[in-house]
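Visitor:
Residue numbers (the working numbering), protein chains in the order written: chain D, 3 to 339; chain G, 141 to 551.
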């Protein structure tokens with residue numbers, strides 16, 4: 003075990019996978035010599051050579067398109083899109099090609115590919131460095147969508163994603179790279195170096211895809227969250243005194259519905275939290291699923307706390323970002339209803 | 141605010157002729173066969189820039205094979221090539237009719253473009269990978285892929301290797317070096333570069349080929365493929381099939397102000413040349429040159445195959461609505477099958493009688509295969525793939541939500 007940041011955990015997952023399998027290749031904008039703008043691939047080029055970790059031209063559809071060709075050849079590309087906000091030029095390659103290759107060729111060709119990208123807000127990144135586009139991927143059949151919330155999970159989930167035989171969208175909440183941010187932006191930054199979830203196992207232990215983690219056990223209300231919102235929800239529970247069960251979904255596709263349903267049946271209440279815009283967000287899907295499976299166990303209408311349906315703003319970041327205040331309000335309301 | 145200059149106007153290029161006009165290809169510069177020399181396979185792209193504005197041709201008007209690029213194929217290989225092209229044309233004609241008869245939903249034929257894929261296939265080695273568009277089935281025909289399997293796919297019947305999931309003619313066969321056709325335009329071009337990069341990363345000796353149409357060169361994927369191929373010197377042969385028409389849109393809309401599609405390669409430092417796409421010998425010779433260049437580590441080549449789509453884009457459009465009915469006949473590079481046939485007759489290795497006999501044999505074979513496929517089923521009758529199949533293969537292991545949906549659907 004070693005205490006590390008999420009960045010170090012992600013780098014270590016790359017290192018473990020590349021050491022174990024020559025087929026793992028890593029590329030993207032600035033990932034080679036420099037080691038990535040967030041340093042998640044630092045040292046890999048030096049250690050594994052330029053043909054296994056290299057810089058790519060600024061062309062996201064080219065990065066994903068060439069990676070699909072490499073995966074079809076038999077390699078295991080692990081590629082970085084510098085910010086999730088930059089992935090849109092690659093959307094056609096992801097949706098029309100990577101996601102469907104196995105199905106349309108009846109398994110003749112497959113696409114074992116990991117597409118990593120920093121996601122979410124909280125860093126004053128404005129509309130081009132803050133978006134949370136997970137729902138445009140969960141809507142696509144053939145993709146898996148993963149969002150770790152801590153270093154331990156980041157390493158284990160990334161190793162599981164690399165081992166997976168299908169394309170995985172791996173969203174890294176950039177505000178969590180260095181510490182467990184709870185939404186209190188005016189408080190000093192906490193480091194992973196002292197946090198229990200910053201304690202990362204050595205070696206190649208995976209965290210399986212499709213399994214949620216109960217971050218905080220509770221009896222009164224189930225909070226469904228992922229990424230940065232896990233710590234926001236934890237803070238909101240602590241500050242309101244509501245005994246919330248906070249579930250870190252970790253994988254959105256495939257979703258661990260069993261854990262969700264079991265919890266909601268126990269608590270009878272449910273609040274859904276995400277940073278992404280509300281309309282057609284993943285929260286809508288979660289509420290539908292809970293309604294279908296738990297309607298007769300619900301004691302109050304479900305509530306969702308999300309980013310507003312606006313482009314991600316700059317100066318108004320903390321009015322946009324669903325912080326512990328808004329989540330706490332939802333917890334109080336769902337308990338009154 | 142006023143301006144001293146005249147109002148601007150938008151330039152929208154128009155083709156030389158539309159329905160009712162007389163086709164006129166007098167502006168189309170065609171070098172004589174044999175005129176363009178064959179450079180060494182390690183030629184510096186800068187040293188052969190003129191090849192992007194000329195056309196490599198081997199067969200002359202008299203049916204003779206002339207110049208540096210001639211002589212690469214034996215007589216037996218040429219006769220086999222003729223048979224491949226004739227088979228593809230007959231196959232297309234039968235499947236086109238089958239679509240009209242309602243036996244399948246959709247079809248795309250190669251009429252006039254048979255030489256491009258049939259001749260190219262011969263330049264590759266086992267293990268190489270093509271990333272084709274929907275108009276390179278000659279790669280399969282010339283690789284002895286079973287016509288029966290192709291028809292089963294077209295009919296989406298119970299023997300369809302793709303289990304009824306994909307549109308007709310979107311074949312896939314890794315074993316035959318034929319990457320799954322997406323049906324999206326351009327996407328596979330950059331994937332071919334990635335495959336070639338993977339071969340280089342792995343220290344392999346295999347190469348790949350990318351295919352794209354004149355219209356789709358306007359897609360971002362074309363540009364992406366060229367950048368990556370150039371940067372990483374990928375062992376790939378990038379083919380533009382310029383058949384003059386993108387459905388109803390003439391090639392000038394995608395080409396814009398540049399002289400030729402091949403010339404786009406110059407900005408990327410990629411060896412770029414044009415070939416007479418209706419000349420089986422020329423296509424093969426150029427493909428062989430580019431494949432060797434890639435395999436020896438000299439980097440990518442961009443080939444513009446200059447040809448003409450004599451039929452509709454697919455079974456869903458009527459070319460008479462957007463171009464002159466006389467245009468195909470007026471196309472100055474002729475018909476690929478007729479030209480190879482005349483060459484073989486010229487050198488005393490073929491005759492009209494043998495040709496007629498071969499045509500009859502091929503038709504018999506195709507009809508008998510068609511009967512076999514239809515005995516299994518067509519899109520509208522016989523044995524169909526299971527409805528259960530649509531839920532399979534979305535992922536390697538079916539996740540819980542798909543199992544639930546399959547149960548909900550009753551399969």
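Ideal Cβ placement from N, Cα and C applies to all residues, glycine included.
#1: Please state the DSSP three-state secondary structure of residue 185 of chain G.
#2: Whose C-alpha, out of D/304, D/18 and D/230, is nearest the C-alpha of residue 149 of chain D?
#3: Classify residue 408 of chain G as helix, strand or coil using the three-state DSSP reduction.
#4: Starting from the beta carbon of residue 284 of chain D, find every residue of chain G whose beta carbon is closer than 9 angstroms, and list them in chain order.
#5: Measuring only the C-alpha atoms, how far is residue 303 of chain G from residue 107 of chain D?
#6: Please confirm if residue 318 of chain D has its CB atom under 8 angstroms from at least one CB of chain G.
#7: Ignore the nearest five residues each way along the sequence and tell me which others in residue 201 of chain D's own chain have a CB closer than 6 angstroms to its CB.
#8: In terms of DSSP beta bridges, what is residue 118 of chain D paired with?
#9: State the DSSP-derived secondary structure class of residue 316 of chain D, mapped to helix, strand or coil.
#10: May I ask you to list, following chain order, the residues of the segment 73-96 of chain D that have a beta carbon less than 9 angstroms from some beta carbon of chain G?
#11: Look up residue 342 of chain G in the DSSP assignment and say whether it is helix, strand or coil.
#12: Please return the same chain residues whose Cβ sits closer than 6 angstroms to the Cβ of residue 57 of chain D, not counting the five positions on each side in sequence.
#13: Give the C-beta separation of residue 226 of chain D and residue 272 of chain D to the nearest angstrom, bearing in mind that I take them to be a contact with Cβ-Cβ under 8 angstroms.
#14: Measure how close the beta-carbons of residue 209 of chain D and residue 270 of chain D come, nearest whole angstrom, since I'm counting them as under 8 angstroms.
#15: Roughly how many whole angstroms lie between the Cα atoms of residue 255 of chain D and residue 147 of chain D?
#16: For residue 1 of chain D, decide whether its Cβ has a neighbour in chain G, counting only Cβ atoms nearer than 8 angstroms.
#17: In chain order, what residues of the same chain have a beta carbon less than 8 angstroms from the beta carbon of residue 180 of chain D, not counting five sequence neighbours either side?
#18: Would you call the segment 91-99 of chain D and the segment 320-331 of chain G touching, i.e. three or more CB-CB distances under 8 angstroms?
#19: In three-state DSSP terms, what is residue 378 of chain G?
#20: By DSSP's criteria, residue 443 of chain G is part of a beta bridge. Which residues make up the other side?
#21: Give the range of the beta strand (DSSP E) segment to which residue 276 of chain D is assigned.
#22: Given a threshold of 16 other Cβ atoms within 10 Å of its Cβ, counted over all protein chains shown, does residue 520 of chain G qualify as buried or as exposed?
#23: Between residue 159 of chain G and the rest of its own chain, which residues show a CB-CB distance below 8 angstroms, the 5 nearest in sequence each way excluded?
#24: In whole angstroms, what is the alpha-carbon distance linking residue 222 of chain D and residue 242 of chain D?
#25: In the DSSP assignment, what residue or residues form a beta bridge with residue 5 of chain D?
#26: Does residue 172 of chain D get closer than 8 angstroms to chain G when you measure Cβ to Cβ?
#27: Let's test the definition: count the other Cβ atoms within 10 Å of the Cβ of residue 308 of chain G and tell me whether it reaches 16, buried, or not, exposed.
#28: Would residue 151 of chain G be called buried (16 or more neighbouring beta carbons within 10 Å of its own) or exposed?
#29: Got a sec: is the Cβ-Cβ distance from residue 265 of chain G to anything in chain D below 8 angstroms?
#30: Mark residue 385 of chain D as exposed unless 16 or more other C-beta atoms lie within 10 angstroms of its C-beta, in which case mark it buried.
#31: Residue 302 of chain G CB to nearest chain D CB: under 8 angstroms?
#32: So is the beta-carbon of residue 322 of chain G under 7 angstroms away from any non-hydrogen atom of the ligand PLP?
#33: Any C-beta of chain G sitting closer than 8 angstroms to the C-beta of residue 103 of chain D?
#34: Say whether the segment 160-167 of chain G touches the segment 379-388 of chain G, bearing in mind that this needs 3 or more beta-carbon pairs closer than 8 angstroms, one atom from each stretch.
#35: For residue 505 of chain G, report the span of its alpha helix (DSSP H) as first-last.
#36: Apart from the five residues on each side of it in sequence, which residues of its chain come closer than 8 angstroms, Cβ to Cβ, to residue 472 of chain G?
Guide: Concretely, from the data shown:
#1: Helix, per DSSP.
#2: D/230
#3: helix
#4: Chain-ordered listing is empty here: chain G has no CB closer than 9 angstroms to the CB of residue 284 of chain D, the nearest sitting near 14 angstroms.
#5: 9 angstroms
#6: no
#7: 3 and 5
#8: D/82 and D/172
#9: coil
#10: Answer in chain order: 73, 74, 75, 76, 77, 79, 91, 94 and 95.
#11: coil
#12: 34
#13: Their Cβ separation, rounded to whole angstroms, is 7 angstroms, which keeps residue 226 of chain D and residue 272 of chain D in contact under 8 angstroms.
#14: By a beta-carbon distance limit of 8 angstroms, residue 209 of chain D does not contact residue 270 of chain D. Their separation comes to about 29 angstroms.
#15: 5 angstroms
#16: Because chain D here runs from 3 to 339, residue 1 of chain D falls outside it and cannot be looked at.
#17: Same-chain partners within the cutoff: 7, 8, 9, 191, 193 and 194.
#18: yes
#19: In the structure shown, residue 378 of chain G sits in a strand (DSSP, three-state: E or B).
#20: G/379 and G/413
#21: 272-279
#22: The residue is exposed, with fewer than 16 neighbouring Cβ atoms inside 10 Å.
#23: 460, 461, 462, 463, 464 and 465
#24: 12 angstroms
#25: D/201
#26: no
#27: buried
#28: By the 10 Å Cβ count, residue 151 of chain G comes out exposed.
#29: no
#30: Any property of residue 385 of chain D remains undetermined from this structure, which presents chain D solely from 3 to 339.
#31: yes
#32: For the ligand PLP, the structure offers nothing, since it holds no ligand at all.
#33: yes
#34: no
#35: 492-516
#36: 165, 168 and 170
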